[in-house]
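Colleague: My questions will all concern the structure given below.
2 protein chains.
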Amino acid sequence: MMIISRIPEQVIILNRIDRPPTTTRPDEGLKSLVKVVRVLHVFSRTARALSLAEICQRTGYPRSTTHRLLSSMREAGLLDQDRNRDRYRLGLKLYELGNTVLANMDLHREARPYVEALGRLTGQVVHLAVFDGRHAVVIGKSESQIDATSGAFLESAPAHCTSVGKAILAYQPDAVLDTFLAEGLARFTDTTITDPAVLRQELELTRSRGYSIDQAEHQPGLNCVAAPIRDLSGRVFAAVSVSGAAWKTPPSDVGRVAKIVIHHADAISRALGHGA
Amino acid sequence: MMIISRIPEQVIILNRIDRPPTTTRPDEGLKSLVKVVRVLHVFSRTARALSLAEICQRTGYPRSTTHRLLSSMREAGLLDQDRNRDRYRLGLKLYELGNTVLANMDLHREARPYVEALGRLTGQVVHLAVFDGRHAVVIGKSESQIDATSGAFLESAPAHCTSVGKAILAYQPDAVLDTFLAEGLARFTDTTITDPAVLRQELELTRSRGYSIDQAEHQPGLNCVAAPIRDLSGRVFAAVSVSGAAWKTPPSDVGRVAKIVIHHADAISRALGHGA
DNA sequence: CTAAATTGTCCCGTATACCGGGATTCTATT
DNA sequence: AATAGAATCCCGGTATACGGGACAATTTAG
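Read top to bottom, the protein sequences are chains X and W. Here the first sequence stands for residues 1 to 276, where the numbers follow this note's numbering. Here the second sequence stands for residues 277 to 552, where the numbers follow this note's numbering.
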């Protein structure tokens, strides 16, 4: 008995005419997928394992719905469940997918020549890093380019106390920055920025001049200058930096070095298709 | 034997007679989520960027459906799209989620004492690694335990030529192994196993004796012995190994060392809740 | 340069797959 | 053993996603 849908046939023709931009909402698409992603985002480094009730509370979804959702996600491998009746956590499959993302980045190939050139030009160590929401993960280095497809070293450091981290952070949407700040800013040296308000100012400054600096905020005696790299959709997702011992890099040099770093970073962005 | 549904209601019969016409299966849950995951799995290290048509072809879904699906996934951040009308690839958000999975693993905490004990007992270097579908990623080492929450080094090597890799691979479901083999086995030394059939045999052997060995298959002159680690659902997802210079470890020692490695690996599994 | 073929996007009625209140079962606590 | 609280299951009703097909934007062929 389906009496539900009975739409007047006359209206149909008119449909094509009215194409006012306001009526067509950005329509988030599949409703269930929105829910799934929402659930995934409930997990974080401080919320590693959550019960059904906790997930309900944080998402606002009804218990029954959430339960079905979680079961399906577990079945699909997006979530793992501690034993049979216990808490949920992010699934191992996500780790696998994440590593595939990293391995498939064009950044490895495209950035190599620029990273090496930058190393030769400055005579200092150059780092290439991507952002994972919390850390700046180093995927390339002058003199020892990393090849993610055949085994590699990966080094990572918190984003708030490294030049690459701040260069990326400065261009993230507010939501990302808020999430980042929510987990706290650990101190590493006596110059590490641990006050969220101060960091926001620092990022503002970084945006305004186009490059970031690290004054021994992670490792004592080590200064760095970094500039952001954009993917072909224009989003900042990586950065390059030049590092040097503090006593070897007088403040007067920073501006000069920064220009070179920015130039190379922009070249990498272009190689990735940004603005093409 | 199997009673599918215990609802012998006579009343309902009129309304929905056909209960088990097509779906007698354990009901995979949200249909759309199954599709989403299927699409995610179409991507791999050899299929980095795919067009709508290619994805349709590989999944078998109709164009229209796939298009809607891809749009929603892009909106959700699960996929990124090169420019506006171009290919799709796995989204950066997946990388972020993957790193969260790694950071949230109890393995870091729980395994540390056992890894260190194993290092003291054998006097050799001990590695703790997890599997990402392709590589064995080292997340812990005797003498220098890695803390994923505050910055770290990660070293990874292909699974087919390391003891940790083979220990994990030996216990993976067929589908995972097939995917792994499909991308080829790179040669590193003259003992590296590059023939899929030979590797399958080797894994069979590994299963039967409970530990794996690496006879200089990745680095010349370096032998290793590894044993699998299970999470609390019983799945093998990690392994520990002991490495030593080939000339220092006579074949007669392998059995003795393997026993110790297995013992510690099992202890870690238990600490994670396996069999509790 | 035009035409044909291919590929991406949009529309819409329909069928179905999901929603969520509430009953039921299971586990933890007193 | 009894109670409370959480997780799981059920089922009617309806919102939602499906997918054929039209249309638009490319690319390739002529």
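C-beta atoms are modelled at their ideal positions from N, C-alpha and C, and glycine is treated no differently.
Give a single yes or no on whether W/Phe-407 has its beta carbon closer than 7 angstroms to a heavy atom of the ligand COA.
Modeller: For the structure depicted, the ligand COA is absent and the ligand set is empty, with no information on it obtainable.
Colleague: Rounded to a whole number of angstroms, what is the C-alpha to C-alpha distance between X/Glu-204 and X/Ser-243?
Modeller: 22 angstroms
Colleague: What residue range is occupied by the uninterrupted alpha helix (DSSP H) comprising X/Pro-228?
Modeller: Unbroken run through X/Pro-228 is the beta strand (DSSP E), 222-230; no alpha helix (DSSP H).
Colleague: Leaving out five residues on either side along the sequence, give the residues of the same chain with a beta carbon under 6 angstroms from the beta carbon of X/Gly-77.
Modeller: Gly-91, Lys-93
Colleague: How is W/Gly-549 classed by DSSP in three states: helix, strand or coil?
Modeller: coil
Colleague: Which residue comes first and which comes last in the alpha helix (DSSP H) that contains W/Gln-491?
Modeller: W/Gln-491 -> not in any alpha helix (DSSP H); beta strand (DSSP E) instead, spanning 488-491.
Colleague: Which stretch, first to last residue, makes up the alpha helix (DSSP H) that contains W/Ala-443?
Modeller: 439-445 is the extent of the alpha helix (DSSP H) around W/Ala-443.
Colleague: Whose C-alpha, out of X/Met-105, X/Val-198, X/Arg-74, X/Thr-191, is nearest the C-alpha of X/Phe-237?
Modeller: X/Met-105
Colleague: Between which two residues does the beta strand (DSSP E) containing W/Gln-357 stretch?
Modeller: 355-357
Colleague: Compute the beta-carbon to beta-carbon distance between W/Gly-395 and W/Ser-418, rounded to the nearest angstrom, for a pair I have assumed lies under 8 angstroms.
Modeller: 3 angstroms
Colleague: So, are the CB atoms of X/Leu-154 and W/Leu-430 less than 8 angstroms apart?
Modeller: Yes, the pair counts as a contact, with Cβ atoms nearer than the cut-off.
Colleague: Which partner residues does X/Gly-244 have in the DSSP bridge list?
Modeller: X/Asn-223
Colleague: Around the Cβ of W/Gln-357, are there at least 16 other Cβ atoms within 10 angstroms (buried) or fewer (exposed)?
Modeller: buried
Colleague: Which residue or residues does DSSP assign as beta-bridge partners of X/Val-137?
Modeller: X/Val-130, X/Ser-156
Colleague: Taking the continuous alpha helix (DSSP H) assigned at X/Tyr-114, which residues delimit it?
Modeller: Looking at the DSSP string, the run of the alpha helix (DSSP H) that includes X/Tyr-114 is 107-122.
Colleague: Thinking W/His-411 and W/Ala-387 are a contact (beta carbons under 8 angstroms), I'd like their distance in whole angstroms, please.
Modeller: Incorrect: roughly 19 angstroms between the Cβ atoms, too far for contact.
Colleague: Using a 10 Å radius around the Cβ and a threshold of 16 neighbouring Cβ atoms, would you call X/Pro-250 buried or exposed?
Modeller: Classification of X/Pro-250: exposed, given that the 10 Å Cβ count is below 16.
Colleague: Using the rule of at least 16 other Cβ atoms within 10 Å of the residue's Cβ for burial, across every protein chain shown, is X/Thr-206 buried or exposed?
Modeller: buried
Colleague: Can you grab the Cα-Cα spacing for the pair X/Val-257 / W/Thr-467, in whole Å?
Modeller: 47 angstroms
Colleague: If we ignore side chains and look at the alpha-carbon of each, how far apart do W/Arg-344 and X/Leu-181 end up?
Modeller: 35 angstroms
Colleague: Quick check on W/Asp-490: buried or exposed, where buried means 16 or more other Cβ atoms within 10 Å of its Cβ?
Modeller: buried
Colleague: Quick check: what's the CA-CA separation for W/Arg-321 versus W/Val-406?
Modeller: Answer to the nearest angstrom: the Cα atoms are 18 angstroms apart.
Colleague: For W/Leu-453, tell me which candidate among W/Leu-326, W/Ser-432, W/Arg-476, W/Ile-469 has the shortest Cα-Cα distance.
Modeller: W/Arg-476
Colleague: Assuming W/Thr-465 contacts W/His-494 (C-beta within less than 8 angstroms), just tell me the rounded distance between them.
Modeller: 7 angstroms
Colleague: Quick one: which chain W residues come within Cβ less than 7 angstroms of X/Asn-104?
Modeller: Within chain W, the residues placing a beta-carbon under 7 angstroms from that of X/Asn-104 are Arg-321, Arg-324, Arg-365, Leu-366, ordered along the chain.
Colleague: Within the 8 angstroms Cβ cut-off, does W/Asn-499 reach chain X?
Modeller: no
Colleague: Among W/Gly-551, W/Arg-324, W/Gly-336, which has the Cα closest to the Cα of X/Leu-107?
Modeller: W/Arg-324
Colleague: Compare the C-beta of X/Thr-24 with all C-beta atoms of chain W and state if any pair is closer than 8 angstroms.
Modeller: Note on X/Thr-24: pLDDT 36, under 50, position unreliable in the model; the coordinate value appears next. Chain W, which has no Cβ nearer than 8 angstroms to the Cβ of X/Thr-24, makes this no.
Colleague: Listing by chain order, which chain W residues have their CB less than 7 angstroms from the CB of X/Ser-71?
Modeller: Gly-305
Colleague: Does any CB atom of chain X fall closer than 8 angstroms to the CB of W/Leu-383?
Modeller: For W/Leu-383, not one C-beta of chain X is nearer than 8 angstroms to its own C-beta.
Colleague: For W/Tyr-337, which three-state DSSP category applies?
Modeller: coil
Colleague: Looking at chain W, is there any beta carbon in it that lies within less than 8 angstroms of the beta carbon of X/His-180?
Modeller: The amino acid occupying residue 180 of chain X in the given sequence is Phe; His does not appear at that position. Not an interface residue.
Colleague: Against chain W, with Cβ distances strictly below 8 angstroms, would X/Ser-32 count as a contact?
Modeller: Output row for X/Ser-32: interface = yes.
Colleague: Does DSSP put X/Ile-268 in a helix, in a strand, or in coil?
Modeller: Residue state, collapsed to three classes: helix.
Colleague: To the nearest angstrom, how far is it from the Cα of W/Val-530 to the Cα of X/Asp-86?
Modeller: Distance between the alpha carbons of W/Val-530 and X/Asp-86: 39 angstroms.
Colleague: Taking just the CA atoms, how far does W/Ala-515 sit from W/Ala-393?
Modeller: 15 angstroms
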